[in-house]
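Trainee:
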Amino acid sequence: MSTVPLSPLTSLFRKKSGTSCSSQKRCRRIVASCELKGVCRRDLMLIALSSSLSLVVNPSLLGYAAEEKSKMASFVDEINSYSYDYPVEIPLKKMVFKWAESRKPERYSSAAPLSPDARLRIVSERVDIVDNLIISVCIGPPNLQILKSEDKSMWSAKDVAESVLSDKSALRVTSTQRLAESSILDAHTSEIDGEPYWYYDYLVRKSATGPSQDSNNFRHYVASTVERDGYLYTLNASTLNKQWDMMGPLLEKTVASFHLLPPTDDYVPPFKDPWRFW
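For the sequence shown, UniProt numbering gives the first residue as 1, with consecutive numbering after it.
Here it is, written out as structure tokens:
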């Protein structure tokens, strides 16, 4: 069988991996010099096909495309000195989130309690009722029955999660009963600016009487907690468990962006004026 000679365009691309024309003008001259028939037409088709395939298999391009799927906005609470990003739009799906600020940032002493003992309090919250999303930040002291060491570097993410969840209940129940309402799925520790951040996700029953086997009866939470001034600052982001596959990655980006800010003159530490409600 006779060997088909390579066209100049094919030889140019096969000389060395990564080699390209010295300029766009030179590339155009080479392509223009080919008779767009026979071998040269075939080579152009193969090159176009390989370029298309590289868009599919190149992990870096896939990562870039994933980042373009959602647009995020930044939220800053100067009273409590923290910030986070939250999703506002998914352009490819023509989806715009309808966030409402259900609780504007306020000092710990006047914030709404999450339990009858008022240890854990919501200092800010935003909700999207249409898509059933909630993002809230709460502050409270650590549960010393769970976090017994004074050295926070010794705290595990699971223990921090249990400390926060033990105070997170609107019902008059014991700490053990509050933990029973929740199921921790995963927990790990990371470090930002030299401070440990504890990350975890968990399920919470929407109703104490609902069947535990019904996945629609649970909310899926992802959270990040950090300690400052003897208090735990926690960002919680949640949606219905059945929506997690679509909304979960967006909420995880929100939690990953949560971090404390250097205090300014507007910062009010949780321990300041505990009697003040305005």
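Think of the CB as a built atom: it goes at the ideal place given N, C-alpha and C, for glycine as much as any other residue.
Would Ser81 and Leu260 qualify as a contact pair, given that the criterion is a beta-carbon distance under 8 Å?
Mentor: Against a cut-off of 8 Å, the Cβ pair of Leu260 and Ser81 comes out as a contact.
Trainee: Could you give the DSSP three-state label for Gly210: helix, strand or coil?
Mentor: Because the pLDDT at Gly210 is just 43, under 50, the model does not fix this residue reliably, and the point stays unresolved.
Trainee: Assuming Leu203 and Asn236 form a contact by the criterion Cβ under 8 Å, report the distance between their Cβ atoms to the nearest whole angstrom.
Mentor: Rounded, the Cβ-Cβ distance is 13 Å, inconsistent with contact.
Trainee: Beta-carbon separation of Asp245 and Pro270 under 8 Å?
Mentor: Their beta carbons are not under 8 Å apart, which means Asp245 does not touch Pro270 by this criterion.
Trainee: Between the C-alpha atoms of Ser110 and Pro116, what's the straight-line distance to the nearest angstrom?
Mentor: Straight-line Cα distance between these residues: approximately 15 Å.
Trainee: Taking the C-alpha atoms as reference points, what is the distance between Trp198 and Lys94?
Mentor: The straight-line gap from Cα to Cα measures roughly 34 Å.
Trainee: Can you list, in chain order, the residues of its chain with a C-beta nearer than 7 Å to that of Asp159? Leave out the 5 residues immediately preceding and following it.
Mentor: For Asp159, where only same-chain residues beyond five positions count, the Cβ hits under 7 Å are Ile146 and Leu147.
Trainee: Between the alpha carbons of Leu232 and Glu150, how many angstroms are there, rounded?
Mentor: If you take the alpha carbons of Leu232 and Glu150, they lie about 13 Å apart.
Trainee: With distances taken between CB atoms, is the gap from His220 to Thr239 smaller than 8 Å?
Mentor: The answer is yes: Cβ separation under 8 Å.
Trainee: Taking only three categories from DSSP, how would you classify Thr264?
Mentor: Thr264 falls in the coil class under three-state DSSP.
Trainee: Taking Phe218 as the reference, give the member of Ser163, Ser136, Ser182 and Glu195 with the closest Cα.
Mentor: Nearest of Ser163, Ser136, Ser182 and Glu195 to Phe218, Cα basis: Ser182.
Trainee: How is Leu250 classed by DSSP in three states: helix, strand or coil?
Mentor: Helix.
Trainee: Rounded to the nearest angstrom, how far is the Cβ of Ile254 from that of Val164, given a contact under 8 Å?
Mentor: The amino acid at residue 254 is misidentified as Ile; the sequence shows Thr. Their Cβ separation, rounded to whole angstroms, is 17 Å, which puts Thr254 and Val164 out of contact at 8 Å.
Trainee: Between Gln243, Lys272, Pro263 and Asp266, which has its C-alpha nearest Asp131's C-alpha?
Mentor: Nearest C-alpha to Asp131: Gln243.
Trainee: For a test of your reading of the model: does the CB of Pro141 fall under 7 Å from any non-hydrogen atom of the ligand SAH? Yes or no.
Mentor: As presented, the structure is devoid of all ligands, the ligand SAH included, so that no description of it is given.
Trainee: Would you kindly report the start and end of the unbroken beta strand (DSSP E) that includes Leu203?
Mentor: Leu203 -> beta strand (DSSP E) spans Glu195 to Arg205.
Trainee: Taking all protein chains shown into account, do 16 or more other C-beta atoms lie within 10 angstroms of the C-beta of Ile122, making it buried, or fewer, making it exposed?
Mentor: Burial call: buried.
Trainee: Taking all protein chains shown into account, do 16 or more other C-beta atoms lie within 10 angstroms of the C-beta of Asp273, making it buried, or fewer, making it exposed?
Mentor: Burial call: exposed.
Trainee: Helix, strand or coil: which one does DSSP assign to Val130?
Mentor: Val130 falls in the coil class under three-state DSSP.
Trainee: Within a Cβ cutoff of 6 Å, which residues of the same chain sit near Pro142, ignoring the five residues on either side of it in sequence?
Mentor: Cβ within range, chain order: Ser163 and Leu232.
Trainee: DSSP three-state call for Ala73: helix, strand or coil?
Mentor: Residue state, collapsed to three classes: strand.
Trainee: Pick from Lys168, Ser156, Glu227 and Ala161: whose alpha carbon is nearest that of Asp193?
Mentor: That would be Glu227, whose Cα lies nearest to the Cα of Asp193.
Trainee: Could you give the first and the last residue of the continuous beta strand (DSSP E) run that contains Leu185?
Mentor: First-last of the beta strand (DSSP E) with Leu185: Ser182 to Ile192.
Trainee: Met95 bridges to which residues according to DSSP?
Mentor: Paired residue(s): Ile90.
Trainee: Would the beta-carbon of Val137 fall within 8 Å of that of Thr234?
Mentor: Yes, the pair counts as a contact, with Cβ atoms nearer than the cut-off.
Trainee: What residue range is occupied by the uninterrupted alpha helix (DSSP H) comprising Ala157?
Mentor: It spans Ala157 to Ser166 - the alpha helix (DSSP H) in which Ala157 sits, taken as one unbroken run.
Trainee: Would you decide whether residue 279 is buried or exposed? Buried here means 16 or more other CB atoms lie within 10 Å of its CB.
Mentor: The displayed coordinates of the chain run from 1 to 278. Any statement about residue 279 would go beyond what the structure contains.
Trainee: Is it buried or exposed for Arg191, if we count other Cβ within 10 angstroms and need 16 for buried?
Mentor: Sequence inspection shows Glu at residue 191; the Arg mentioned does not correspond to that position. Answer is exposed; the Cβ neighbour count stays below 16.
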